[in-house]
Amino acid sequence: MSDADARYAPIEDYAVIGDCASAALVGKDGSIDWLCWPRFDSPSIFAALLDADDGGHFQVCPVEDFTVERRYLPNTNVLETTFTTDTGVLRLTDLMPVAERPAYRRELWPTHEVLRRIECVEGTVEVSVACDPRLEYGRIDPPMEDRGPHGFFYNHQGTVLIVRSELPLTRSRGRGALYAQHTLRAGDQQFLSLTYDEGEPAVLPLLGEHAERKLARSVDYWRDWASQCEYEGPYRGAVVRSALTLKLMTFAPSGAIVAAPTTSLPEAIGGERNWDYRYCWLRDAALTLRALYELGYDEEGRAFFSWLLHATRLTAPELSVLYDVHGNADVEERTVSHLEGYRRSPPVRIGNGAYDQLQLDTYGELISAAYEFVQYEERLDGWHKRLLAELGDEVCVRWRGPDEGIWEVRSGRHHHTFSKAMCWVALDHLVALHEEGYLSVPVDYYRDVRADIRQAVEEHGYNEGLESYVATFDGDQVDASLLLLPFYGYTEATAPRMESTFEHHHQELAQDGLLYRYLPSTDDGLSSEEGAFGICSFWDEEMFARLGRVDEARENFDRTLSYANDLGLFAEEIDPETGAFLGNFPQAFTHVGLINAALTLENPSDDSSGPSLTSGR
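Under my numbering, the first residue of the sequence shown carries the number 1, and numbering increases by one thereafter.
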């Protein structure tokens, strides 16, 4: 490993904490290397993840060499890291406090907070603290004012950060960094707090007992939420951890779920596949909605669906590929040249240029989400009906054209088989909703167009020589998204063409229990390769189960689970040869895939989320 690489921890060494509006990444060394406030997609407070020297960080760890064990407190997103040195044992508890609303009304809580409890549980340990905020993606070293017992105040353009500590902190000369070095003995306990407010807050309560109450209430909040999970199968631990991760990445004020809380973690070290994932993708809609409802999280399902339709109503009948947490589609992509990138892998991107791509599959995914919603809620509001009908009409007009496809290729538009099939799914679900009395559409016209789409897919999207559906019309490339066709109801898993497609794709794309989304030789308009795609591995296992090969499904599922880090978290991609994480972390899409695969393993006969297939479709 080069000296440059040694400054960066492996992606899998990170944990995530959050408050359902923002999130922080915490390394095994006790360093918070990524934090954006007040929203997931806000400019960073700490960004050492993307520039070890100039990004800013907040570290608590022993001065001496140490070994590390860590865990989340059971059924919570509260992180506990235990450092063992030659002289003693130190325990660090990290969280972003959350609670039900009454707690906020009873006591003065800042808008956002990182709370860190340091405990010496054995012997003596010399503790080092370093807090170095660098705002605006490392660009701003904010002015700081020492206000004695009230803490250290950083003020930048109306944003106020306050660092408070029960350990004495020292200000560095000429800069806004804070440091401490202090010896703790068995039984000693100290709190540190970093808070955020827009506008200067009232005086905050002293840490001590107040901090203990916030920790306890946060633990209660997460455990109460986790206890509502209705999955009781053999993979409950992994499923609950995935559900907690999705909840953490939910922007509570709107119900949106971000794809990941990070930007620009590379899909290949030194490559250019670095993207900003702090937004919500329509691609994930139906899969996410199914996971939430099947686990019993109806409130989150309703909130997510409400956000989906609110966001898409703003651009309908056109759909953006992605939206921010408030439903805005304009997330123009730019590069931040002053950050060197994780392990010197530039560029660092803010925003995502895929927002203005055409991805026809999104119509199917959104309308499939609406169908999924109706199965649980048995209702659609009036404007929901109008919006869905408008989208159906748009599908009828646009389905014949090329698009960039589900994987957001940057090599131009093509006739993607999955996109065409999802246009079929869109109309099929709308016809079903019409037949079930939930809305009114020109059903005969939709049936005719639906038939035309199926004919095109079967004639041009299936390669007779390969006995497989293929990525693009009249092509020969594989595409793992085609494994979703049974989930959306386009076909049955056991249909001859689908079964042979699965065999071909598994043979071409599988490696060591993982699945690539397409072959590295595929021209997607980008240089450099990428890792195996986490969610595709779970799609592969779902297909095994739906084909009745449940033992193989479980074997592969167990193998994929073994790639999770020590906390049960997954990134977007994994290097099958080394097990190293690649891409943004943690990745909601991967955890959604885990949940749905676990559900399918429990009930493999549940072959489709769509309407029952008939010979007429």
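For glycine and all other residues, C-beta sits at the position ideal for the given N, C-alpha and C.
Point to revise | the stretch 64-73 touching the stretch 158-177, judged by at least three CB pairs closer than 8 Å | key: As far as the Cβ criterion goes, the stretch 64-73 does not touch the stretch 158-177, which means the pair count is below three.
**Study point:** Beta-carbon spacing of V160, F153 below 8 Å
**Key:** yes
**Study point:** Proximity of F538 and A597 at Cβ, strictly below 8 Å
**Key:** yes
Exercise for review: Quick one: which unbroken alpha helix (DSSP H) runs of 4-plus residues sit fully inside the stretch 106-159? Chain order, please.
Suggested key: 135-138
Check your understanding: Helix, strand or coil: how does DSSP classify R617 here?
Key -> Its pLDDT being 32, under 50, R617 is placed unreliably in this model, and the value from its coordinates should be taken loosely. In the structure shown, the three-state DSSP call for R617 is coil.
Review point. Between D512 and P576, is the Cβ-Cβ spacing less than 8 Å?
Key: yes
Check your understanding: G55 to R334, Cα distance in whole Å?
Key -> 18 Å
Review point. Relative to the C-alpha of T417, which residue among H460, T124, T195 is closest?
Key: With distances taken between Cα atoms, T417 lies closest to H460.
Check your understanding: Shortest alpha-carbon distance to H210 belongs to which of R116, W222, D276?
Key -> R116
Check your understanding: Do L207 and E113 have their C-beta atoms closer together than 8 Å?
Key -> no
Practice item. Report yes if the CB atom of D428 is closer than 8 Å to the CB atom of R349, and no otherwise. Key: no
Review point. In the DSSP assignment, what are the bridge partners of S193?
Key: Answer by DSSP bridge pairing, in chain order: L115, R164.
Exercise for review: Check the C-beta distance from A493 over to M543 and give it rounded, since I have them as a contact under 8 Å.
Suggested key: 6 Å
**Study point:** Contact belief for A52 with D29 at Cβ below 8 Å, rounded distance in angstroms
**Key:** In fact, because the Cβ distance is near 12 Å, the residues do not count as touching under 8 Å.
**Study point:** Counterpart residues of W34 in DSSP-defined beta bridges
**Key:** L25
Point to revise | Contact set for L95: own chain, Cβ-Cβ below 6 Å, skip 5 residues either direction | key: I17, V78, L115, S218
Review point. From this set, V409, A495, T312, which residue's C-alpha is nearest T472's C-alpha?
Key: V409
Practice item. Sort V431, E602, G364 by Cα distance to L485 and report the nearest one. Key: G364
Review point. My guess is that H415 and S468 are in contact by the Cβ rule of under 8 Å, so how many angstroms apart are they, rounded?
Key: With a contact defined as Cβ atoms closer than 8 Å, H415 and S468 miss out at about 16 Å.
Review point. In three-state DSSP terms, what is S468?
Key: strand
Review point. Under the rule that 16 or more other beta-carbon atoms within 10 Å means buried, what is H338, buried or exposed?
Key: exposed
Practice item. Mind checking which residues open and close the alpha helix (DSSP H) that includes H429? Key: 417-435
**Study point:** For S242, the first and last residue of its enclosing alpha helix (DSSP H)
**Key:** 236-248
**Study point:** For E64 and F251, the rounded distance between their alpha carbons
**Key:** 39 Å
Review point. For D5, which of E212, W383, G270, I162 has the nearest alpha-carbon?
Key: G270
Review point. What did DSSP end up calling T87 once you bin it into helix, strand or coil?
Key: coil
**Study point:** Residue nearest to R273 in terms of C-alpha spacing, selected from E572, L594, I595
**Key:** E572
**Study point:** Pairwise C-alpha distance: F557 and G237
**Key:** 14 Å
Review point. For A15, which three-state DSSP category applies?
Key: strand
Review point. DSSP on H57, reduced to helix/strand/coil?
Key: strand
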